[in-house]
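For the sequence shown, the residue numbers in mature numbering (1 follows the signal peptide of the UniProt record, and there is no 0) are -31 to -1, 1 to 337.
Idealized CB from N, CA, C, for every residue including glycine.
Structure first, commentary second.
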Amino acid sequence: MSLPLLSGSLSRILFLTAGLTLGLSSAQARATTEPVTAQVAAPDSGRVAAPDTTGRAPRRSEYTMPSGETYHYARPKPLRFLLNIPRDVVAYPKFAFQKKNLPMIGGVVASTVLLYAFDQQILDGAKQLGRHMHLSSASTQTTLFDVPVRYGSGKQLDLEFNYPSNLNSAMYFLGDGWTHLSIAGSFWAYGLLGRDNRASQTASQIMEAVYTNGLVVQVLKHMTGRESPYTTTYPRGKIRLFPNQKTYSQHVPNYDAYPSGHLSTAMATVTVIAENYPEYRFVRPVGYSLMGLLSYAMLNNGVHWASDYPLALALGYGFGKIAVMHGRSQVKHDQATGLALPQPWYQKVRVAPAGGLSNYGLSLNYQW
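Take a look at the structure:
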């Protein structure tokens, strides 16, 4: 008997992510080599095809979601997501500015204006709460190790691998690039070792969403030029639209507060995972809760204002949805095999009364 790969796979990916995040590049993970339980589909039909005997993942895998919708997940090509970035940037305005999204757009604008009006009070209150809880406002990291990279004529660039050294830094680290690289790397490793196209596509989509989002966020930062709280001497921070780019590069914290790249990146990652694994309903609540901690940490350490957040969330959500939309194709019902995904592991636990002539109790059953 064997344990099915995810839908029990998300649990394994989470453990793998934790190991990669804590150990960064030095962490290693083991994975099972049992065949994936999802059905293999022929490239352009809903028919079931024979598994690939080369040891690689099949070209496409078919998954039926709890909603009844069936999707094909193609095996992603290495670094192909980089070529999708221009397409996603162009697709965002059409995706965002639709009639059905008008309430959301209005909410982003209204919440930004409202938060901006009270930015200084919110920031001061967050810092005061941190002092009350004895939570350090310093964002400090300890270097685990560094890799010197030599280039040019005697020049050297040190790539540092750091980890947070206090609680606020740990919450801030939730939006760090290493965190999301570790998450994507975990899905990629599981997809490769488990021959699971959904996991591999999730990794590719996370990287696509994060890089596209990062590009747009940086352009907006360079256009808006808003001061970070810890550098400003003005209430709510001074805004210098279209600042001199040379000055910007020399004094980045004076210009790069709006919008928050950490929060938008986290939103993109959570959106991609939640869209691809809808049977795991805890993904969004847990992800949004962690994003709440991240948002508070960035107020406490003076990196962002509260009004930097609404647009960041909208960008991350949009680019996450776009990456998923382009990374899988829906199968018509008359082409689908009708075979659903395996149940998540926690839904396979059964508790029932048990007993005999002289004893009574409960039995715990788990299907392997």
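Cβ distance (whole Å) where residue i is taken to contact residue j below 8 Å
{"i": "Thr39", "j": "Ser276", "result": "With 8 Å as the limit, Thr39 and Ser276 do not qualify as a contact, their Cβ atoms being about 42 Å apart."}
{"i": "Leu104", "j": "Leu262", "result": "Not confirmed; about 11 Å, so no contact."}
{"i": "Ala281", "j": "Pro228", "result": "4 Å"}
{"i": "Asn135", "j": "Thr109", "result": "6 Å"}
{"i": "Arg250", "j": "Ser169", "result": "About 23 Å separates the two Cβ atoms, so there is no contact after all."}
Cβ-based neighbour list, residue i, same chain, cut-off 8 Å, excluding 5 preceding and 5 following
{"i": "Val185", "result": "Val58, Tyr61, Leu284, Phe288"}
{"i": "Lys290", "result": "Phe64, Thr240, Glu244"}
{"i": "Phe87", "result": "Ala275"}
{"i": "Tyr203", "result": "Glu196"}
{"i": "Met73", "result": "Ala283"}
{"i": "Asp127", "result": "Asp115, Val116, Pro117, Val118"}
Rounded straight-line distance, which links the Cα of residue j to that of residue i
{"i": "Ser151", "j": "Leu259", "result": "16 Å"}
{"i": "Gln78", "j": "Thr171", "result": "With the sequence shown as reference, residue 78 is identified as Val, and Gln is not the correct amino acid for it. Roughly 31 Å between the two C-alpha positions."}
{"i": "Pro117", "j": "Gly37", "result": "51 Å"}
{"i": "Ser122", "j": "Tyr141", "result": "36 Å"}
{"i": "Asp115", "j": "Thr148", "result": "17 Å"}
{"i": "Asp225", "j": "Ala107", "result": "19 Å"}
{"i": "Leu98", "j": "Lys69", "result": "39 Å"}
{"i": "Ala321", "j": "Asn328", "result": "15 Å"}
{"i": "Gly330", "j": "Gln67", "result": "58 Å"}
{"i": "Pro247", "j": "Pro35", "result": "7 Å"}
{"i": "Ala237", "j": "Arg164", "result": "25 Å"}
{"i": "Asn137", "j": "Ile208", "result": "27 Å"}
{"i": "Met192", "j": "Gly75", "result": "22 Å"}
{"i": "Leu210", "j": "Thr216", "result": "13 Å"}
{"i": "Gln125", "j": "Gly160", "result": "35 Å"}
{"i": "Met102", "j": "Leu83", "result": "27 Å"}
{"i": "Gln214", "j": "Val188", "result": "11 Å"}
Residues near residue i by beta carbon distance below 7 Å, same chain, minus five either side
{"i": "Tyr85", "result": "Arg205, Ser276"}
{"i": "Ala95", "result": "Tyr265, Leu268, Asn269"}
{"i": "Gly146", "result": "none"}
{"i": "Asn53", "result": "Glu177, His295"}
{"i": "Thr201", "result": "Lys207"}
{"i": "Asn223", "result": "Glu196, Thr200"}
Reference residue i; option with closest CA among the options
{"i": "Ala292", "options": "Tyr32, Phe64, Thr33, Glu31", "result": "Phe64"}
{"i": "Leu48", "options": "Ala153, Tyr257, Ala107", "result": "Ala153"}
{"i": "Lys190", "options": "Leu162, Ser108, Val221", "result": "Val221"}
{"i": "Gly194", "options": "Glu177, Ile54, Pro212", "result": "Pro212"}
{"i": "Thr181", "options": "Lys46, Ala43, Gln89, Leu51", "result": "Leu51"}
{"i": "Glu177", "options": "Arg56, Arg319, Glu31, Ala323", "result": "Arg56"}
{"i": "Thr234", "options": "Tyr257, Gln89, Leu83, Gln214", "result": "Tyr257"}
{"i": "Arg167", "options": "Val188, Ser30, Arg119", "result": "Ser30"}
{"i": "Ile91", "options": "Gly271, Ala43, Val320, Ala321", "result": "Gly271"}
{"i": "residue 340", "options": "Asn328, Asn334, Gly330", "result": "The structure shown does not extend to residue 340, since the chain spans only -31 to 337, so no value can be given for it."}
{"i": "Val179", "options": "Tyr286, Lys301, Leu210, Phe156", "result": "Tyr286"}
{"i": "Tyr32", "options": "Leu71, Val300, Tyr120", "result": "Val300"}
{"i": "Leu232", "options": "Pro279, Tyr120, Ser218", "result": "Pro279"}
{"i": "His273", "options": "Leu126, Leu71, Ala139, Asp93", "result": "Asp93"}
{"i": "Lys46", "options": "His101, Trp157, Asn223, Leu71", "result": "Trp157"}
Three-state secondary structure (DSSP) of residue i
{"i": "Ser218", "result": "helix"}
{"i": "Met129", "result": "Residue identity check: residue 129 is Glu in the sequence provided, not Met. Glu129 falls in the strand class under three-state DSSP."}
{"i": "Gln67", "result": "coil"}
{"i": "Glu38", "result": "coil"}
{"i": "Leu48", "result": "coil"}
{"i": "Glu3", "result": "A caution first: Glu3 carries a pLDDT of 31, below 50, which makes its placement in the model too unreliable to give a value."}
{"i": "Arg56", "result": "helix"}
{"i": "Pro198", "result": "coil"}
{"i": "Ala79", "result": "helix"}
{"i": "Gly285", "result": "helix"}
{"i": "Tyr180", "result": "helix"}
{"i": "Ser298", "result": "strand"}
{"i": "Ala43", "result": "strand"}
{"i": "Asn334", "result": "strand"}
{"i": "Glu244", "result": "helix"}
{"i": "Asp115", "result": "strand"}
{"i": "Asp225", "result": "strand"}
{"i": "Tyr278", "result": "helix"}
{"i": "Ala318", "result": "Here the sequence assigns Val to residue 318, which means Ala is not the residue at that position. DSSP places Val318 in strand when its eight states are reduced to three."}
{"i": "Ala168", "result": "helix"}
{"i": "Lys96", "result": "helix"}
{"i": "Thr234", "result": "helix"}
{"i": "Ala153", "result": "helix"}
{"i": "Ala139", "result": "helix"}
Other residues of its chain near residue i: CB distance less than 6 Å, five sequence neighbours each side excluded
{"i": "Arg253", "result": "Ala243"}
{"i": "Gln174", "result": "Val241, Ala292, Val293, Gly296"}
{"i": "Gly230", "result": "Val186"}
{"i": "residue 345", "result": "The requested residue 345 does not occur in the structure, where the chain is confined to residues -31 to 337."}
{"i": "Ser298", "result": "His41"}
{"i": "Gln89", "result": "Pro204, Arg205"}
{"i": "Ser332", "result": "Ala321, Ala323"}
Closer than 7 Å: residue i CB and nearest the ligand HEM heavy atom
{"i": "Ser138", "result": "Only the bare structure without any ligand can be found here, which leaves the ligand HEM out of the picture."}
Interface flag, residue i vs chain D, CB-CB below 8 Å
{"i": "Arg205", "result": "In summary, chain D is missing from the structure at hand, where a single protein chain is found."}
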